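So for the sequence shown, the numbering used here puts the first residue at 5; every next one is plus one. Note that the Cβ used here is the ideal one computed from N, Cα and C, for glycine as well. Since the structure is predicted, the reported quantities are computational estimates derived from the model, not experimental observations.
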Amino acid sequence: MKDVTFNGLTFELYITHDEINKQIQRLAGEIKHNCEVSGDDAPLFICVLTGAFVFAADLFRACDIHNAEIAFIRFKSYEGTSSTGVVNDIMGLAEDVTGRSVFIIEDIVDTGITAYQLRETLAKKNPKSVKMVTLLFKPDSLKVGPKPEFVGFEIPPRFILGYGLDLDGLARQLPDIYVLKPTQEEQ
Ligand code: IMP
Ligand code: MG
Numbered sequence: 005m006k007d008v009t010f011n012g013l014t015f016e017l018y019i020t021h022d023e024i025n026k027q028i029q030r031l032a033g034e035i036k037h038n039c040e041v042s043g044d045d046a047p048l049f050i051c052v053l054t055g056a057f058v059f060a061a062d063l064f065r066a067c068d069i070h071n072a073e074i075a076f077i078r079f080k081s082y083e084g085t086s087s088t089g090v091v092n093d094i095m096g097l098a099e100d101v102t103g104r105s106v107f108i109i110e111d112i113v114d115t116g117i118t119a120y121q122l123r124e125t126l127a128k129k130n131p132k133s134v135k136m137v138t139l140l141f142k143p144d145s146l147k148v149g150p151k152p153e154f155v156g157f158e159i160p161p162r163f164i165l166g167y168g169l170d171l172d173g174l175a176r177q178l179p180d181i182y183v184l185k186p187t188q189e190e191q
């Protein structure tokens, strides 16, 4: 597989689209089951823009829950290849979450700051429950909040892109996920 280069940084293939699809099918099964046992027939999925939009589209269809809805919210805490630690730019949520089961859809949970802030914000709106679904989770980077309830892949704290994840807005269109190659000194 060919390496890809963005902004002068080189990335190698890390997770193929096939592997992603398998985890999406598994997660969809778990979410459906979770809704069935708790009697939730109208869950609200909240996709955290921008990175999660590709995953959310695939996951929402894979879940195929008749009365489910999806909404979009924007938080931002990343610049370049590391978290700024400050969550800014919060785009409001029009949907009523009162008494509803909410599934937050994230591309990746890194420091957990975005996830924590979102849980706190949503908890004030009196939902029945708030659960986090993330395609990727870097457990070694987690600083705040609980482990996400639904995780596609646990990965080491390396910078990745593709399948919606970006480097300063680039590489979201790649169907597979790539990881930053170590430099000669790091090897
Ligand atoms: P957190 O608030 O530190 O958990 O970061 C969450 C957000 O940072 C994610 O939703 C991503 O948009 C971004 N992010 C974290 N790690 C990566 C990465 O390896 N590649 C691209 N974006 C990342
Ligand atoms: Mg994100």
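Check	Outcome
On a Cα-Cα basis, can you pick out the residue from Leu97, Val58 and Phe59 that is closest to Ile77?	Leu97
Distance check for Pro186 and Asp7, CA to CA, integer angstroms please.	13 Å
Throw me the rounded Cβ distance for the Ala32 and Ile109 pair, which I believe falls under 8 Å.	Contact doesn't hold; Cβ gap of about 12 Å is too wide.
Hey, Val183 and Glu23: beta-carbon distance below 8 Å or not?	no
Could you tell me which of Leu122, Leu53 and Asp111 sits nearest to Glu158, measuring between CA atoms?	Asp111
I'd like the list of long-range same chain contacts for Gly55, defined as Cβ closer than 6 Å, with 5 residues on each side in sequence excluded.	Asp111, Gly168 and Leu169
Who are the near neighbours of Phe10 in its chain, counting only those whose CB is closer than 6 Å to its CB and skipping five residues on each side?	Leu171, Leu174 and Ala175
What span of residues does the alpha helix (DSSP H) with Phe57 cover, start to end?	Phe57 to Cys67
Within the same chain, show all residues whose beta-carbon is closer than 7 Å to that of His21, passing over the 5 residues directly before and after it, in chain order.	Pro179 and Asp180
Do you know offhand how far Glu189's Cα is from Gln27's?	34 Å
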